[in-house]
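Asker: Chains as they are written, first to last, in the working numbering: chain R, 17 to 347; chain H, 3 to 339; chain E, 13 to 506. Cβ coordinates follow ideal geometry from the N, Cα and C atoms, glycine included.
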């Protein structure tokens with residue numbers, strides 16, 4: 017971002033090219049159907065919930081860590097929030113909702129703290145620590161709800177997920193944009209962002225440079241899980257309930273988006289604009305697939321998987337060599 | 003056994019896991035009033051159930067174990083299994099195959115799994131990419147193929163008879179008071195797979211290659227191992243095994259549900275870690291893995307006896323795994339210093 | 013049969029236009045130890061890789077035991093009896109000693125199954141070659157570096173090695189271990205095996221080798237008997253210039269010590285270490301690997317432990333619990349391992365330079381002044397003449413010497429009282445080495461207290477006005493001024 021040369025944006029261009037190809041494909045096959053306002057409003061309505069979650073996980077990845085627990089934690093946090101809100105139908109809705117949201121965020125922050133402590137102080141490999149925590153949080157949610165959905169959200173709250181501000185701006189999109197702006201600001205313009213990239217690149221060198229790496233890791237897990245929880249709060253609003261296993265497919269989807277965007281879990285890599293492009297591209301594919309009445313939604317997953325593999329292979333030196341060989345043979 | 007060997011043994015995670023398993027057995031035995039093991043014949047309704055739940059998880063754990071020993075991380079085996087068995091069952095149903103013998107079905111499922119595994123193997127061995135991310139991609143892809151492209155449906159009551167009857171083969175039957183209990187013949191597959199994997203890991207150069215690659219890939223290459231070919235073989239074999247195991251699951255459950263395997267890797271991989279395998283590669287044994295799978299099966303099947311609401315099962319599974327990974331991380335930390 | 017076991021004449025090798033080897037002539041005599049010496053990047057490792065068959069030469073002739081060898085492949089090299097022991101030893105830490113010993117020959121024999129008895133036999137045979145005794149069932153990762161090395165040697169001997177190439181084998185060894193290794197090397201030599209020893213340590217080369225071949229910039233500038241060479245000549249051949257030693261002369265040493273260490277102990281690492289450091293001084297701490305020199309530095313920087321004893325800074329007793337605390341107390345530390353502890357290689361040069369002084373760039377709300385980050389780091393790039401046209405480029409684009417300058421400027425950007433340099437010129441080319449030394453002299457004369465930790469005795473002698481020597485975790489000697497000579501230090505270390 018800081019560099020002015022075009023070379024640095026080559027990955028962004030590649031992603032934009034990919035998006036263009038996807039758009040072109042659906043335009044050719046579905047024609048004008050893609051370019052209706054409704055379709056784009058739908059896209060704007062759908063991607064924010066996992067888009068926000070992806071932004072949260074992005075911090076974790078840049079820090080060189082992994083989180084598998086965020087959806088389980090988010091579900092637990094929102095279940096607790098819904099339980100609180102559901103029991104207070106007679107109180108003024110605004111206050112109840114606010115407290116409910118705060119409860120969820122506080123739980124998420126605690127979960128992030130636990131993840132951070134496990135990783136930073138006990139040196140448990142992040143994947144293992146967070147898979148274990150995922151089982152713990154899901155287990156707690158199941159135990160508390162007997163695996164059932166928790167309903168009874170105030171009407172005002174469920175409206176959030178479906179409301180258009182000024183008739184065109186979906187509230188979830190607005191939330192996403194706010195989170196995106198905050199994330200952009202954090203990564204690009206704060207000392208925290210600067211340290212995050214450095215810690216993610218080489219945590220030992222950062223420690224030797226008098227940076228409190230343990231605090232960075234813990235703080236990043238808290239930030240990650242709180243942002244993910246905001247995504248879950250949007251999700252329960254659109255679904256009007258909370259459950260132990262909502263959005264479990266988002267874990268893999270978010271990792272997929274980040275890897276596609278070049279934010280690898282090795283740490284220190286990736287730009288937030290690329291993440292935005294990847295999120296939107298993924299949603300366009302899902303929406304595009306939906307326009308084919310004879311295709312089910314799993315076609316999107318097929319395309320995502322194939323896309324990820326192709327992008328991965330192309331990003332390696334051997335992969336570009338392979339590309340060259342193919343093109344030469346054709347010529 | 004000499005002193006050095008004893009010392010080596012006490013340093014291993016498996017050793018403590020084994021002690022934990024015995025302790026758990028004793029607790030359950032006492033709490034249940036002697037229902038876990040009973041004379042004559044040792045087998046009871048309870049331990050046959052535990053064994054039954056161990057079959058599929060245990061076999062998948064073997065797949066996960068060999069990959070982890072080589073320093074990899076496979077997220078795609080449940081998706082491979084799901085695609086293999088769903089496709090096989092659909093084909094068998096449509097063509098009227100496997101009405102008497104399930105053999106063709108098993109061969110087909112293994113073959114499909116093998117092809118899918120080869121894709122994993124090709125990508126991983128040729129491009130030296132992060133195995134976790136590659137298999138995440140193939141997992142998504144395979145799920146997309148089975149449920150999107152092929153739109154494979156659930157098959158329950160119409161499942162070919164060959165599979166149904168095969169799944170109902172028992173090697174032992176008994177009664178617990180009035181309730182009949184059985185020991186599924188599928189347990190034999192689990193035992194066979196354990197023996198095979200154990201043989202491969204310990205007695206073949208291929209198995210030692212997996213440990214060597216997991217320990218130090220560059221050295222393995224210098225020592226003369228063909229690392230690329232070994233990895234390719236490994237992932238294709240794991241693919242074939244996954245397809246086969248998926249079929250066993252179908253037989254045992256008498257149904258083929260494409261979605262049933264989603265997220266299964268998240269419970270199996272932790273179990274393998276719990277059994278002493280290292281996610282950094284080079285460590286892990288069949289014995290340790292089976293002990294860990296045993297612990298988890300025992301815990302989840304004796305919740306009521308231990309006075310725990312069954313809804314808490316997942317929570318306790320998570321807790322056991324959390325403690326397990328913490329202990330092994332602390333052990334690694336201590337050894338480093 | 014010729015006098016030489018391996019003879020290479022006119023070897024050329026280039027990589028995409030870069031001449032890595034330029035008409036190198038080179039010969040190894042059987043039953044002799046030959047040293048291949050040279051600075052980093054002189055082509056030593058390329059030559060080794062050609063001998064072991066990893067690379068193919070562009071032109072030149074190779075004869076082994078009098079026969080001309082056209083093409084060397086790794087398998088051919090093994091068949092001929094050439095074995096390379098790489099610096100990382102190519103071992104499997106997760107396997108047992110027995111497996112490590114036997115696995116290579118089992119693979120070469122193209123076996124499919126494991127036969128424990130045969131493995132054990134092979135392993136025992138290997139150990140017996142140098143009369144080395146160790147529990148075969150110990151995990152390799154639990155051994156010391158020296159033991160690992162012996163296992164690697166035994167493994168090499170299994171292939172009827174006639175030539176064993178050892179790549180910088182003493183890097184991670186303590187003095188005692190080096191002695192033991194040399195004993196083994198002599199034993200092998202006496203049994204008729206040729207040893208090729210790659211090193212850049214003058215002392216060792218003179219101690220162990222019969223022949224020496226010195227390389228510089230892809231050419232061999234000297235080959236012949238070690239006995240015909242003086243140390244001065246050796247340095248000249250290594251560096252290509254007469255090094256005018258610019259001895260450090262302290263100009264203004266403060267009266268009161270800035271740092272005072274009393275009876276400092278970190279259990280099992282070092283014990284009862286006491287010394288003082290004044291402003292304007294460059295204090296050398298030397299000692300072999302395992303003497304506790306690095307651990308002492310870590311304790312002063314808050315990354316090691318202090319079990320007993322005290323540290324006094326500017327007259328006040330302090331506890332240093334973390335690098336952050338050390339930074340607050342105005343102590344800086346340039347670590348030993350530049351790549352893993354010093355730099356974020358995949359990040360820009362500028363960000364690396366400013367990494368430890370981000371506080372200076374912080375505005376309210378925690379925002380960062382990017383423009384200032386680049387301004388300041390560009391100043392350092394200029395001051396240190398760091399060879400880059402753009403501080404936005406990644407640190408990985410620079411050579412070792414320039415990377416070290418980044419790590420140095422990272423700390424000098426802070427206002428320091430004490431700067432600890434651990435191995436400041438390891439892997440740094442001669443030019444940059446002199447730059448760094450001159451700079452450190454200036455810093456000291458401008459009132460900084462500097463500690464140089466190094467096992468490069470020449471470096472310590474030239475740059476320090478006072479030296480303390482550590483051995484087995486204890487302080488065993490201290491010398492000042494003219495008393496500081498390599499001979500005097502060696503006498504204490506031994």
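What would DSSP say about residue 405 of chain E, mapped onto helix, strand or coil?
Answerer: Residue 405 of chain E: coil per DSSP, three-state reduction.
Asker: Is it buried or exposed for residue 36 of chain H, if we count other Cβ within 10 angstroms and need 16 for buried?
Answerer: Flag for residue 36 of chain H reads exposed.
Asker: Checking contacts by CB at 7 Å: is residue 262 of chain H closer than that to chain E?
Answerer: With 7 Å as the cut-off, residue 262 of chain H does not count as an interface residue toward chain E.
Asker: Checking contacts by CB at 7 Å: is residue 290 of chain R closer than that to chain E?
Answerer: So, not an interface residue.
Asker: Here's the rule: buried if 16 or more other CB atoms are within 10 angstroms of the residue's CB, otherwise exposed. What is residue 30 of chain H?
Answerer: With 16 or more other Cβ atoms within 10 Å, it is buried.
Asker: Rounded to whole angstroms, what's the CA-CA distance from residue 116 of chain H to residue 288 of chain R? Just pull it up for me.
Answerer: Between residue 116 of chain H and residue 288 of chain R, the C-alpha separation is close to 39 Å.
Asker: Run through DSSP, which three-state label would residue 16 of chain H get?
Answerer: DSSP places residue 16 of chain H in helix when its eight states are reduced to three.
Asker: One question on the structure: do residue 152 of chain E and residue 105 of chain E come within less than 7 Å of each other, judged by their Cβ atoms?
Answerer: For residue 152 of chain E and residue 105 of chain E, yes; Cβs fall inside 7 Å.
Asker: List, in chain order, every chain H residue whose beta-carbon is nearer than 7 Å to that of residue 264 of chain R.
Answerer: The contacting residues are 265.
Asker: Below 8 Å on the Cβ atoms is my contact criterion, and I expect residue 276 of chain H with residue 326 of chain H to pass it. Report the Cβ-Cβ distance as a whole number of Å.
Answerer: Indeed they touch by this definition, with Cβ atoms about 4 Å apart.
Asker: To the nearest angstrom, report how far apart residue 306 of chain H and residue 297 of chain H are at their CA atoms.
Answerer: If you take the alpha carbons of residue 306 of chain H and residue 297 of chain H, they lie about 16 Å apart.
Asker: Check each candidate in E:38, E:448, E:337 and name the one with the smallest Cα separation from residue 233 of chain E.
Answerer: It is E:38.
Asker: Going by DSSP, what residues sit across from residue 297 of chain E in a beta bridge?
Answerer: Beta-bridge pairing links residue 297 of chain E to E:465, E:480.
Asker: Thinking residue 430 of chain E and residue 273 of chain E are a contact (beta carbons under 8 Å), I'd like their distance in whole angstroms, please.
Answerer: Contact doesn't hold; Cβ gap of about 11 Å is too wide.
Asker: Would you decide whether residue 13 of chain E is buried or exposed? Buried here means 16 or more other CB atoms lie within 10 Å of its CB.
Answerer: Reliability of the predicted coordinates at residue 13 of chain E is poor, the pLDDT of 46 falling under 50, and the value obtained from them is presented with this limitation in mind. The residue in question, residue 13 of chain E, is exposed, as its Cβ has fewer than 16 Cβ neighbours within 10 Å.
Asker: Under 8 Å Cβ to Cβ from residue 103 of chain E, same chain only, skipping five residues before and after it: list those, please.
Answerer: Contacts found: 112, 152, 160, 163, 164.
Asker: Any chance you could list the alpha helix (DSSP H) runs of at least 4 consecutive residues sitting entirely within the segment 297-362 of chain E, in chain order?
Answerer: Runs of the alpha helix (DSSP H) inside the segment 297-362 of chain E: 305-312, 335-340.
Asker: From the DSSP output, which residues share a beta bridge with residue 236 of chain E?
Answerer: Answer is E:224.
Asker: Report buried or exposed for residue 223 of chain E, applying the criterion of at least 16 other Cβ atoms within 10 angstroms of its Cβ.
Answerer: Buried, by the Cβ-count rule.
Asker: Examine chain E for any beta-carbon lying closer than 7 Å to the beta-carbon of residue 345 of chain R, and answer yes or no.
Answerer: Reliability of the predicted coordinates at residue 345 of chain R is poor, the pLDDT of 45 falling under 50, and no value is obtained from them.
Asker: In chain R, which residues lie with their C-beta within 8 Å of the C-beta of residue 353 of chain E?
Answerer: Within 8 Å Cβ-Cβ: 220, 221, 224.
Asker: For my contact list, residue 86 of chain R and residue 244 of chain R are in at a C-beta cut-off of 8 Å; report their separation, rounded to the angstrom.
Answerer: At roughly 4 Å, the Cβ-Cβ gap stays under 8 Å, so residue 86 of chain R and residue 244 of chain R are in contact.
Asker: To the nearest whole angstrom, what separates the beta carbons of residue 84 of chain R and residue 147 of chain R, a pair I think is in contact under 8 Å?
Answerer: Yes, residue 84 of chain R and residue 147 of chain R are in contact; Cβ-Cβ is about 5 Å, under 8 Å.
Asker: Let me see if you follow: with CB-CB separation under 7 Å, is residue 331 of chain H close to chain R or not?
Answerer: Closer than 7 Å to some Cβ of chain R, the Cβ of residue 331 of chain H qualifies, so yes.
Asker: Would you say residue 138 of chain H lies against chain R (beta-carbon separation less than 7 Å)?
Answerer: Yes, its Cβ sits closer than 7 Å to a Cβ of chain R.
Asker: Round the Cβ separation of residue 96 of chain E and residue 64 of chain E to the nearest angstrom and send it over; I've been treating them as touching at under 8 Å.
Answerer: With 8 Å as the limit, residue 96 of chain E and residue 64 of chain E qualify as a contact, their Cβ atoms being about 5 Å apart.
Asker: With 16 other CB atoms within 10 Å as the buried threshold, where does residue 199 of chain E fall?
Answerer: It counts as exposed.
Asker: Tell me the residue span of the alpha helix (DSSP H) that contains residue 166 of chain E.
Answerer: 157-169 is the extent of the alpha helix (DSSP H) around residue 166 of chain E.
Asker: To the nearest angstrom, report how far apart residue 276 of chain E and residue 312 of chain E are at their CA atoms.
Answerer: The straight-line gap from Cα to Cα measures roughly 10 Å.
Asker: Does DSSP classify residue 382 of chain E as helix, strand or coil?
Answerer: Note: residue 382 of chain E maps to helix in three-state DSSP.
Asker: Name the residues in the segment 280-304 of chain R whose C-beta lies less than 7 Å from a C-beta of chain E; which are they?
Answerer: Those would be 284, in chain order.
Asker: Please look up how many angstroms separate the CB atoms of residue 78 of chain R and residue 327 of chain R, rounded, as I've assumed it's under 8 Å.
Answerer: That belief does not hold up - the Cβ atoms of residue 78 of chain R and residue 327 of chain R are roughly 19 Å apart, past 8 Å.
Asker: Decide if residue 174 of chain E is buried, meaning its Cβ has at least 16 other Cβ atoms within 10 Å, or exposed.
Answerer: Residue 174 of chain E should be labelled buried.
Asker: Would you mind sorting residue 88 of chain R into buried or exposed? The rule is 16 or more other CB atoms within 10 Å of its CB.
Answerer: Residue 88 of chain R comes out buried.
Asker: Could you check where the alpha helix (DSSP H) with residue 172 of chain R kicks off and where it finishes?
Answerer: Per DSSP, residue 172 of chain R belongs to the alpha helix (DSSP H) from 171-176.
Asker: Chain H partners of residue 150 of chain R, CB-CB under 8 Å?
Answerer: Near residue 150 of chain R (Cβ distances below 8 Å), the residues of chain H are 268, 320.
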